[in-house]
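*Asks:* Right, I'll just put the structure down here and ask away after.
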Amino acid sequence: MDPSNYIAKGAWSIGNELVYYAFTTIILYIYDRWRKIGNTLFLFTIGLGIFFAFYKINSSLPLNDQWSTYVNPFNNMFLYVSGIFMYYNLNNIKIRKWIAIVILVIAVGVLIALPFNSRIFLVTNYIRFLYCFIVYIIVFAFYKIKFQKRTFIGKIFDAFCMATYGIYLFHSIILLLLLLVFSHSIYILMLSFVLTIVVSLVSYYKMELPISNIGKKLVNKALK
385 MDPSNYIAKG AWSIGNELVY YAFTTIILYI YDRWRKIGNT LFLFTIGLGI
435 FFAFYKINSS LPLNDQWSTY VNPFNNMFLY VSGIFMYYNL NNIKIRKWIA
485 IVILVIAVGV LIALPFNSRI FLVTNYIRFL YCFIVYIIVF AFYKIKFQKR
535 TFIGKIFDAF CMATYGIYLF HSIILLLLLL VFSHSIYILM LSFVLTIVVS
585 LVSYYKMELP ISNIGKKLVN KALK
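Right under this line is the structure:
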């Protein structure tokens, strides 16, 4: 199986996700039963990332020439497992909202200030893990801000959360369809952004949510 043999632009990441989903049940089971073993598994996935960043991908060659190696799902698996690690180890950590916001602002500032030479620069050697760590801090800060759903900002973030997977799936397809009709411009990119969110929200409420509810009913019925 060739992870670089995908159809839609950017669809390699969806293929990676499917591999991670295949392992998710096992990883969650391990974390539920033996958190230390789960953390050890997370360290193992970091080791895989180190192996790719320092040994499999050559920082002196263009990333395009090594694309099939980069999109190998085991190269990025630690990014997926890091989310599970965050929930099981950092979920009960309490910090004030303003502190989380300060952490977020500082982390974003550091991320912007970091040098950027080329794509290969981002995915090899220690720089890759520096970027990943800063992004992880940003995710952690958002996780701890806990916007109230009843507020205007909370409702916006809640809607974006619901549309996230749809945005992930539809953005390249919608942009591709628009470019079949219109020439590339900033206005088309903006239109693509808006349409992607709208289509994703419709997909969530009209397809994803009803199907999820059916699945929950079937599972609950089977467990009775």
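Numbers given in this note's numbering equal positions in the sequence shown, counted from 1, plus 384.
Glycine included, C-beta positions come from ideal geometry on N, C-alpha and C.
A quick note: this is a predicted structure, and the numbers were derived from the prediction, not measured.
#1: Check this for me: beta carbons of F609 and I511, under 8 angstroms apart or not?
#2: At which residues does the alpha helix (DSSP H) containing L514 begin and terminate?
#3: Exposed or buried, which one is N604 when buried takes at least 16 other CB atoms within 10 Å?
#4: Here's a check: name, in chain order, each residue in its chain whose Cβ is nearer than 7 angstroms to the Cβ of I581, leaving out the five neighbours to either side.
#5: Taking the beta carbon of A497 as the centre, do at least 16 other beta carbons fall within 10 Å, making it buried, or is it exposed?
#6: Which same chain residues, not among the five before or five after L474, have their C-beta less than 7 angstroms away from its C-beta?
#7: Is the region 410-429 close to the region 463-481, with three or more CB pairs under 8 angstroms?
#8: Between which two residues does the alpha helix (DSSP H) holding E592 run?
#9: I think F462 touches I430, with their Cβ atoms under 8 angstroms apart; what is that distance to the nearest whole Å?
#10: Give me the Cα-Cα distance between F577 and H555, rounded to the nearest whole angstrom.
#11: Less than 8 angstroms separating the beta-carbons of A335 and I522?
#12: So, is G599 buried or exposed, given that buried needs 16 or more other C-beta atoms within 10 angstroms?
#13: Do you know how far the Cα of V489 is from the Cα of D542?
#14: Report yes if the C-beta distance between S443 and N509 is below 8 angstroms; otherwise report no.
#15: Taking the continuous alpha helix (DSSP H) assigned at S444, which residues delimit it?
#16: Taking just the CA atoms, how far does Y549 sit from S584?
*Replies:* Put simply:
#1: Outside the shown range of the chain, which is 385 to 608, sits residue 609, and nothing can be said about it.
#2: For the purposes of this step, residue 514 is identified with residue 130 of the sequence shown, where counting begins at 1. Annotation: the continuous alpha helix (DSSP H) that includes L514 extends over 509-529.
#3: Counting from one through the sequence shown, the residue named residue 604 turns up at place 220. By the beta-carbon neighbour count (other beta carbons within 10 angstroms, threshold 16), N604 is exposed.
#4: Numbered from its first residue, the sequence shown carries residue 581 at position 197. The answer, listed in chain order, is A547, I551.
#5: As a working mapping, residue 497 is identified with position 113 in the sequence shown. Counting Cβ neighbours within 10 Å, A497 comes out exposed, since fewer than 16 surround it.
#6: Looking up residue 474 in the sequence shown gives position 90. Answer for L474: F524, listed in chain order.
#7: yes
#8: By one-based count along the sequence shown, residue 592 stands at place 208. Unbroken run through E592: none, as it is neither H nor E.
#9: Mapped onto the sequence shown, residue 462 falls at position 78. Mapped onto the sequence shown, residue 430 falls at position 46. Rounded, the Cβ-Cβ distance is 5 angstroms, consistent with contact.
#10: Here residue 577 is taken as the residue at index 193 of the sequence shown, counted from 1. Here residue 555 is taken as the residue at index 171 of the sequence shown, counted from 1. Those two C-alpha atoms are separated by around 7 angstroms.
#11: Nothing can be reported for residue 335: it is not among the residues displayed for the chain, which extend from 385 to 608.
#12: If you number the sequence shown from 1, residue 599 lands on position 215. Exposed: under 16 other Cβ atoms inside 10 Å.
#13: Position 158 of the sequence shown holds residue 542. Position 105 of the sequence shown holds residue 489. Each residue's Cα considered, the two are about 20 angstroms apart.
#14: Along the sequence shown, read from residue 1 onward, the residue named residue 443 stands at position 59. Along the sequence shown, read from residue 1 onward, the residue named residue 509 stands at position 125. Going by C-beta atoms, S443 is nearer than 8 angstroms to N509.
#15: Working through the sequence shown from its first residue, we reach residue 444 at position 60. Unbroken run through S444: none, as it is neither H nor E.
#16: One-based indexing of the sequence shown puts residue 584 at position 200. One-based indexing of the sequence shown puts residue 549 at position 165. Those two C-alpha atoms are separated by around 8 angstroms.
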